[in-house]
Every structure is written in structure tokens, then in C-alpha cells.
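Enquirer: Quick one: this structure, given as C-alpha cells, is what I'll be asking you about.
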Amino acid sequence: MISFYKPNSKNTGTACSFSVNSKEGSIWSSLIKQSSWNEATKTGSFLDNKDNPKKSAKVKFSTTEVAGLLEALDKNVEFSAYHSSDKQVTKIKFSPYIRDDKQVGFSYSVNKESKENVENKQSFLLGFYFNEARLLREFLIHALQSIFKSQEVEAIKKFKNSKSNQESNKSNAEEDGELW
5 MISFYKPNSK NTGTACSFSV NSKEGSIWSS LIKQSSWNEA TKTGSFLDNK
55 DNPKKSAKVK FSTTEVAGLL EALDKNVEFS AYHSSDKQVT KIKFSPYIRD
105 DKQVGFSYSV NKESKENVEN KQSFLLGFYF NEARLLREFL IHALQSIFKS
155 QEVEAIKKFK NSKSNQESNK SNAEEDGELW
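Numbering (the working numbering), first residue to last: 5 to 184.
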């Protein structure tokens with residue numbers, strides 16, 4: 005897992021983490037809105053919003069979508085995705101982050117909209133400086149390799165089980181032949 009915390013004194017920051025589920029073949033992104041700011045220590049907190057569905061979001065990426073994120077990072081282009089379920093629509097965008105007409109990194113936004121209540125919307129925005137984007141890129145490559153390795157292990161298991169079943173069936177057929 006890799007995490008990025010972006011608190012600010014306006015209390016509008018976002019925390020984001022990416023994690024991998026190798027067996028499922030997916031990569032998850034969790035986002036949380038900032039819940040407080042401590043002026044004395046100049047630190048922000050996200051803890052109070054961790055389990056609040058109106059202040060947090062989870063996005064499940066397929067391997068193809070992760071490849072799209074990597075393409076955006078490698079070629080400095082925009083990646084966007086649209087997820088729809090029975091209850092909500094999620095729009096995802098990862099693109100160059102421009103400030104004062106100069107690129108300073110990449111921007112990641114997630115917008116959730118309820119299908120049942122159009123007033124129920126959540127938006128999350130996070131900027132990645134180039135060094136953070138590099139860390140994200142390396143994690144995503146590692147996550148894909150982890151998924152591929154897990155899929156390879158499962159394929160080998162299935163092959164061995166299939167081979168074992170074929171040999172068992174062949175042995176049973178030979179024994180049956182001797183009886184008749």
C-alpha cells in the first residue's frame with residue numbers, strides 16, 4: 005500500500021491510498037476528506053471522516069485501468085474512467101496538474117454521484133508533485149506484477165490439478181479394462 009496525505013489550513017485537504025488485491029486482480033484507491041486542522045502544530049487530520057460515506061470513497065481499478073493510469077504518467081496525458089452501479093456513478097480523472105501555466109505534477113479527481121438523489125454528490129481532488137507521481141507509478145507497476153504473479157500461480161495450480169485428474173481417470177480406465 006502507498007498513501008499520500010495532503011492536509012491544508014483551509015481544512016479542504018484529501019488523503020489517498022492505493023492498495024492491491026492480487027487474488028482478485030484489482031487495485032483499490034481510498035480517498036478521505038480532511039476533518040480538522042491544528043494551527044499550533046500545522047497538521048491536519050483525516051481520522052474523523054474515515055468511516056463517513058459522505059467524506060470518503062473507494063475506487064476499484066481493473067488492470068486495464070491501471071495501465072491507463074501508467075500511460076497517463078508515462079506520456080503526460082489524461083486518463084479518465086466512468087464506473088456505474090445500481091446506486092451511484094463514479095467519474096475518475098488523472099491528468100497533468102497545471103499551476104500558473106506550468107506543470108507541477110499530476111492531478112487525481114474522483115466524483116461520486118448518487119443515482120437516487122442528485123443532491124448527494126462527493127468530490128475528491130488530490131495533487132501529486134512529480135516525485136510523488138513517480139512513487140505512485142512504481143507502486144502501480146509493483147501491484148500489476150503482484151497480480152500477474154498471483155494469476156500465474158493459480159494457472160499452474162489448475163494445470164497440475166487437471167493433469168492429476170487426467171492421470172487418475174486414465175489409471176481408473178486401465179483398471180476397468182483389466183476387469184472386463
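Backbone N, C-alpha and C define an ideal beta-carbon position, used for all residues, glycine too. Bear in mind the structure is a predicted one, so any value in this text is a computation, not a measurement.
In whole angstroms, what is the alpha-carbon distance linking VAL114 and SER166?
Expert: Stepping through the sequence shown from its first residue, residue 114 is reached at position 110. Stepping through the sequence shown from its first residue, residue 166 is reached at position 162. So the alpha carbons of these two residues sit roughly 43 angstroms apart.
Enquirer: Taking the alpha helix (DSSP H) that THR67 belongs to, which residues open and close that run?
Expert: Here residue 67 refers to the residue found at position 63 when the sequence shown is read from its first residue. Residues 67–79.
Enquirer: Under the assumption that ILE36 contacts PHE50 (Cβ atoms under 8 angstroms), give the Cβ distance between them as a whole number of angstroms.
Expert: Taking the first residue of the sequence shown as position 1, residue 36 is located at position 32. Taking the first residue of the sequence shown as position 1, residue 50 is located at position 46. Yes, they are in contact, since the Cβ atoms of ILE36 and PHE50 sit about 5 angstroms apart, within 8 angstroms.
Enquirer: How do the stretch 131–141 and the stretch 39–46 stand: do at least 3 beta-carbon pairs fall below 8 angstroms, yes or no?
Expert: no
Enquirer: Suppose you measure from the CA of VAL70 to the CA of ILE145; what does that come to, to the nearest Å?
Expert: By 1-based counting over the sequence shown, the position of residue 70 is 66. By 1-based counting over the sequence shown, the position of residue 145 is 141. Looking at the two C-alpha atoms, the distance is approximately 9 angstroms.
Enquirer: According to DSSP, is GLN38 helix, strand or coil?
Expert: Start at 1 with the first residue of the sequence shown, and residue 38 comes out as number 34. DSSP places GLN38 in coil when its eight states are reduced to three.
Enquirer: Throw me the rounded Cβ distance for the ILE151 and SER26 pair, which I believe falls under 8 angstroms.
Expert: What you label residue 151 is simply residue 147 of the sequence shown in a count that begins at 1. What you label residue 26 is simply residue 22 of the sequence shown in a count that begins at 1. Yes, they are in contact, since the Cβ atoms of ILE151 and SER26 sit about 5 angstroms apart, within 8 angstroms.
Enquirer: Quick one, which of PHE65, SER88 and PHE98 has its alpha-carbon nearest GLU28's?
Expert: By one-based count along the sequence shown, residue 28 stands at place 24. Measuring from the Cα of GLU28, the nearest candidate turns out to be PHE65.
Enquirer: Would you kindly work out how many angstroms separate the C-alpha atoms of VAL157 and PHE143, rounded to a whole number?
Expert: For the purposes of this step, residue 157 is taken as the residue at position 153 of the sequence shown. For the purposes of this step, residue 143 is taken as the residue at position 139 of the sequence shown. For VAL157 and PHE143, the distance between alpha carbons rounds to 21 angstroms.
Enquirer: Does the Cβ-Cβ distance between GLY131 and LYS10 come in under 8 angstroms?
Expert: Taking the first residue of the sequence shown as position 1, residue 131 is located at position 127. Taking the first residue of the sequence shown as position 1, residue 10 is located at position 6. Yes, they are a contact pair.
Enquirer: Give every residue of the same chain whose Cβ lies closer than 6 angstroms to the Cβ of ALA85, excluding the five residues on either side of it in the sequence, and list them in chain order.
Expert: Within the sequence shown, numbered from 1, the residue matching residue 85 stands at position 81. These residues qualify, in order along the chain: GLU69 and ILE96.
Enquirer: Pick helix, strand or coil for SER13, following the three-state DSSP scheme.
Expert: Taking the first residue of the sequence shown as position 1, residue 13 is located at position 9. Coil at SER13, not helix or strand.
Enquirer: Give the straight-line distance between the Cα atoms of GLU123 and PHE163, rounded to the nearest whole angstrom.
Expert: Position 119 of the sequence shown, counted from the start, is the residue given in the question as residue 123. Position 159 of the sequence shown, counted from the start, is the residue given in the question as residue 163. C-alpha separation (whole angstroms): 51 angstroms.
Enquirer: Check whether the Cβ atoms of SER7 and ALA19 sit closer than 8 angstroms, and answer yes or no.
Expert: Here residue 7 refers to the residue found at position 3 when the sequence shown is read from its first residue. Here residue 19 refers to the residue found at position 15 when the sequence shown is read from its first residue. Yes. Within cutoff.
Enquirer: Under three-state DSSP, which class holds PHE143?
Expert: What you label residue 143 is simply residue 139 of the sequence shown in a count that begins at 1. Reduced to three states, the DSSP call for PHE143 is helix.
Enquirer: Check this for me: beta carbons of GLU82 and SER99, under 8 angstroms apart or not?
Expert: For the purposes of this step, residue 82 is taken as the residue at position 78 of the sequence shown. For the purposes of this step, residue 99 is taken as the residue at position 95 of the sequence shown. Yes, the pair counts as a contact, with Cβ atoms nearer than the cut-off.
Enquirer: Between SER34 and LYS62, how many whole angstroms is the CB-CB distance? I'm expecting something under 8 angstroms.
Expert: Translated into the one-based positions of the sequence shown, residue 34 becomes position 30. Translated into the one-based positions of the sequence shown, residue 62 becomes position 58. With a Cβ gap of about 5 angstroms, SER34 and LYS62 count as contacting.
Enquirer: Can you give the Cα-Cα distance for SER60 and ASN80, rounded to whole angstroms?
Expert: The residue you call residue 60 lines up with position 56 of the sequence shown. The residue you call residue 80 lines up with position 76 of the sequence shown. Cα-Cα distance, rounded: 28 angstroms.
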